[in-house]
Amino acid sequence: AAGRTLLDDIKDFIANGKFVLGICNGFQVLVKLGLLPNLSGAVTPEVTLTHNASGRYEDRWVTLKVNPESNSPFLKGLDTLEVPVRHGEGRLIIKDAATLAAIEEQGLNCLSYADFDGSPTDVYPHNPNGAALNCAGLTDPTGQVFGLMPHPEAFLSLYNHPDWARRKRATPSISEEGDGLKLFRNIVEHVASLPHPPTPSPGGEGEPDGRAAAGEAQQEIGSRPRLTADKKLWYERLKTFSGQMRRESTPAEDALWQALRNRQLNDAKFRRQHVIGRFIVDFICTQHNLIVEVDGEVHDEAGQAKYDTGRTYELEGVGYHVLRFTNGQVLHHLPTVLQKISAALLLHSIKN
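Each residue of the sequence shown is one higher than the one before, starting from 927 at the first, in our numbering.
The following block contains the structure:
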């Protein structure tokens, strides 16, 4: 929106309970914006990152020690990590003793450069940049914002390491996962463990729903509840994405929409790219609690198929019925697809 900045967007993202990770230049951005360490909560720069004490660009592998006092879910259960650094300006400078003490007291210096014994060190090259507190990474007091100079994404597999062959020969059973992967797995597992948000449902493209626009938390269709709009929260979060998806619809989605819009099928009112809680469904007829999804080839992949199954389970759990078709079925057998949708509308017809 006009007048908004990157900082505004990130602050809103954090306020909505999301997690932010800044790596290398991303860490520098979070520090310069005042999001790290953000001791005061005022989002004002309190530390900075500057030229390495070595006076040169550092490209080497380092060992990191995790601060056991850190509350970052990214680092849960981790003790040490081996990852590469690739930077010329990674030395953390803290503006005064009071700020340094506060960072230590709250455990915000979540990662330290370590020696071969795993002990924090200021000795070069184990500490490649001379950072204050031997600091390789910081979190904010909430643990939601985390930044580090090293590159965990560069060590996702054992084979990313320059010494992988010797290590594999020495220990054939060694894990083929790199240390950096642990950090990303941690945050995925943490987010997956969080309670699911409520499932209000603002309107998508189609005829307006007066009661939903009024922001009712719940309305009855027959004997079953249908969750509707929470304009203040979910609509504001997802309306941009649903609008973008309408503008960038696939040929199959567009073909089906042209056949469903304006009550052409069974006089049923359909909307497209409709928000239901944390999901955006392709098409929905709220009159019959029927959702129609049109899937591309990506939905054949194992991971996506598992997600789709869980998504369908959650939607059916709040009273919706879900039909799924492939792009090919819609593009090449549209009459058959429409017959199946018509049958589902009749099957799930609800008397108001």
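Ideal Cβ placement from N, Cα and C applies to all residues, glycine included.
Next on the checklist: Whether or not the region 1076-1093 and the region 959-966 are in contact is what I'm after, with contact meaning three or more pairs of Cβ atoms, one per stretch, closer than 8 Å; do they touch?
Outcome noted: no
Item to check | Alpha-carbon to alpha-carbon, L933 and E1015 | outcome: Position 89 of the sequence shown holds residue 1015. Position 7 of the sequence shown holds residue 933. The straight-line gap from Cα to Cα measures roughly 22 Å.
Item to check | For C1268, the three-state DSSP class (helix, strand or coil) | outcome: Position 342 of the sequence shown, counted from the start, is the residue given in the question as residue 1268. Checking the sequence shown, residue 1268 turns out to be Ser, not Cys. Correct three-state label for S1268: helix.
Next on the checklist: Mapping the DSSP letters down to three states, classify A979 as helix, strand or coil.
Outcome noted: Walking along the sequence shown from the start, residue 979 turns up at place 53. Here A979 sits in coil by DSSP.
Item to check | Check whether G1069 and S998 have beta carbons under 7 Å apart | outcome: Here residue 1069 refers to the residue found at position 143 when the sequence shown is read from its first residue. Here residue 998 refers to the residue found at position 72 when the sequence shown is read from its first residue. Yes, Cβ-Cβ distance for G1069 and S998 is below 7 Å.
Checklist entry - By the 10 Å Cβ neighbour count, where 16 or more other Cβ atoms means buried, how is F1042 classified, buried or exposed? => result Sequence index remark: in the sequence shown, residue 1042 carries index 116 (1-based). Result: exposed.
Item to check | V1071 versus L1241, D985 and Q954, residue with shortest Cα-Cα distance | outcome: To locate residue 1071, count along the sequence shown from 1; it is residue 145. It is Q954 whose Cα lies nearest to the Cα of V1071.
Checklist entry - Secondary structure at R1111, three-state DSSP: helix, strand or coil? => result Counting from 1 along the sequence shown, the entry for residue 1111 is found at position 185. It is helical.
Next on the checklist: Our contact map puts V1256 next to V1263 with C-beta atoms below 8 Å; I'd like the distance itself, whole angstroms only.
Outcome noted: The sequence position of residue 1256 within the sequence shown is 330, counting from 1. The sequence position of residue 1263 within the sequence shown is 337, counting from 1. Sure, about 6 Å apart at Cβ, within 8 Å.
Item to check | Length of the line joining the Cα atoms of Y1246 and V1117 | outcome: Taking the sequence shown and counting its residues from 1, one reaches residue 1246 at position 320. Taking the sequence shown and counting its residues from 1, one reaches residue 1117 at position 191. Using only the alpha carbons, I get a separation of about 25 Å.
Checklist entry - Cα-Cα, which of I1202, K1021, N1086 and C1061 is closest to C1036? => result The residue labelled residue 1036 in the question sits at position 110 within the sequence shown. Ranking I1202, K1021, N1086 and C1061 by Cα distance to C1036 puts C1061 first.
Checklist entry - In this structure, what does DSSP give as the bridge partners for T1006? => result Numbered from its first residue, the sequence shown carries residue 1006 at position 80. Answer is K991.
Checklist entry - Nearest chain B C-beta to Q1184 closer than 7 Å, yes or no? => result The question asks about chain B, but that chain is absent: this structure has only one protein chain.
Item to check | Residue span of the beta strand (DSSP E) that contains I1020, given as start and end | outcome: Walking along the sequence shown from the start, residue 1020 turns up at place 94. From DSSP, the beta strand (DSSP E) with I1020 extends over R1017 to I1020.
Checklist entry - In this structure, does DSSP put R1012 in helix, strand or coil? => result Along the sequence shown, one-based indexing puts residue 1012 at 86. Looking at R1012 - three-state DSSP - the assignment turns out to be strand.
Checklist entry - Can you tell which of K937, F945 and L947 has its C-alpha closest to the C-alpha of V969? => result If you number the sequence shown from 1, residue 969 lands on position 43. Checked all of K937, F945 and L947; the closest Cα to V969 is K937.
Item to check | Residues bridged to E1103 [DSSP beta-bridge criterion] | outcome: Position 177 of the sequence shown holds residue 1103. Note: E1103 sits in a beta bridge opposite S1083.
Checklist entry - The alpha helix (DSSP H) with K1025 in it runs from where to where? => result By 1-based counting over the sequence shown, the position of residue 1025 is 99. Residue identity check: residue 1025 is Thr in the sequence provided, not Lys. It spans A1023 to Q1032 - the alpha helix (DSSP H) in which T1025 sits, taken as one unbroken run.
Next on the checklist: So if DSSP puts P890 in a beta bridge, which residue, or which two residues, is it bridged to?
Outcome noted: This structure does not reach residue 890, given that the chain is present from 927 up to 1278, and the question cannot be answered.
Checklist entry - Are F1209 and V1218 touching if we call contact CB-CB under 7 Å? => result Against the sequence shown, residue 1209 aligns to sequence position 283. Against the sequence shown, residue 1218 aligns to sequence position 292. In this structure, V1218 lies closer than 7 Å to F1209 by Cβ.
Item to check | DSSP three-state assignment for R1093, whether helix, strand or coil | outcome: Sequence index remark: in the sequence shown, residue 1093 carries index 167 (1-based). DSSP places R1093 in helix when its eight states are reduced to three.
Checklist entry - Is the Cβ-Cβ distance between T976 and I1020 less than 7 Å? => result Within the sequence shown, residue 976 is the residue found at index 50, counting from 1. Within the sequence shown, residue 1020 is the residue found at index 94, counting from 1. Contact flag unset, no.
Checklist entry - Could you give the distance in angstroms between the alpha-carbon of L1084 and the alpha-carbon of C950? => result What you label residue 1084 is simply residue 158 of the sequence shown in a count that begins at 1. What you label residue 950 is simply residue 24 of the sequence shown in a count that begins at 1. Straight-line Cα distance between these residues: approximately 21 Å.
Item to check | Rounded separation between A1058 and V957 - CA only | outcome: Position 132 of the sequence shown, counted from the start, is the residue given in the question as residue 1058. Position 31 of the sequence shown, counted from the start, is the residue given in the question as residue 957. Answer to the nearest angstrom: the Cα atoms are 14 Å apart.
Checklist entry - With a cut-off of 8 Å, do at least 3 Cβ pairs link the region 996-1012 to the region 1087-1107? => result yes
Checklist entry - Ends of the alpha helix (DSSP H) at A1062? => result Reading the sequence shown from its first residue, position 136 is the one you call residue 1062. Counting along the chain, A1062 falls outside any alpha helix (DSSP H), though it belongs to the beta strand (DSSP E) covering C1061 to T1065.
Item to check | Ordered list of beta strand (DSSP E) runs contained in the region 1197-1233, each at least 3 residues | outcome: 1197-1202, 1205-1211 and 1216-1221
Checklist entry - Exposed or buried, which one is T931 when buried takes at least 16 other CB atoms within 10 Å? => result Residue numbering aside, residue 931 sits at position 5 when the sequence shown is read from its first letter. Its Cβ having fewer than 16 others within 10 Å, T931 is exposed.
Next on the checklist: Let me check understanding here. Comparing Cα to Cα, which of G1254, Y1239, T1238 and D1234 lies closest to L1182?
Outcome noted: Here residue 1182 is taken as the residue at index 256 of the sequence shown, counted from 1. For L1182, the nearest C-alpha among the options comes from G1254.
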